[in-house]
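Enquirer:
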Amino acid sequence: MLLSTDIWVGALIRRAELGGAFATVGRKGDTRAGAVLVKVVDRRAGTARLYSEATRGDGERFWMQPVRSAFEPDLDAYVERAARIDPDVWLVEIEDREGRHFLTEPVEPDPA
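Here is the structure:
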């Protein structure tokens with residue numbers, strides 16, 4: 306049984322806060338089944354990453370980077386396009402000095 310999106314988002318924000326990061330909902334979508342994007346910003350390093358949940362052919366859920374840019378305006382443009390296509394999409398924004406995403410599911414490695 307999967308958690309509703311609002312509960313899952315709340316748990317992610319709590320994990321980030323317990324880890325010493327600042328996290329907030331940048332965009333609220335459907336509370337029960339909205340897709341989630343996670344933007345991680347390291348202001349000290351001047352970098353950002355965006356993660357989107359995906360499903361492999363075998364049904365395994367994982368997180369991937371839909372935009373291979375560390376430039377925050379590029380990520381924000383992707384989020385805007387995604388919201389036009391799917392108005393139920395959520396955005397969780399995490400600011401962390403170490404650039405951690407706090408996702409517990411598998412995450413595709415950063416591009417080389």
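Take any residue in the sequence shown, count from 1 to its spot, add 305: that is its number in this note's numbering.
Virtual Cβ for every residue (Gly too), placed ideally from N, Cα, C.
Do the CB positions of Gly331 and Asp393 come within less than 7 angstroms of each other?
Expert: Asp393 sits away from Gly331, with the two beta carbons spaced by 7 angstroms or more.
Enquirer: Expressed to the nearest angstrom, what Euclidean distance is found between the alpha-carbon atoms of Ala417 and Thr329?
Expert: Low confidence applies to Ala417: its pLDDT is 49, below 50, so where it sits in the model is not reliable enough to give any reading.
Enquirer: Can you tell me whether Arg361 is buried or exposed? The criterion is at least 16 other CB atoms within 10 Å of its CB, across all chains shown.
Expert: exposed
Enquirer: Using the rule of at least 16 other Cβ atoms within 10 Å of the residue's Cβ for burial, across every protein chain shown, is Glu403 buried or exposed?
Expert: So Glu403 counts as exposed.
Enquirer: Give a yes or no on whether the C-beta atoms belonging to Leu342 and Val372 are separated by under 7 angstroms.
Expert: No, the pair does not count as a contact, with Cβ atoms beyond the cut-off.
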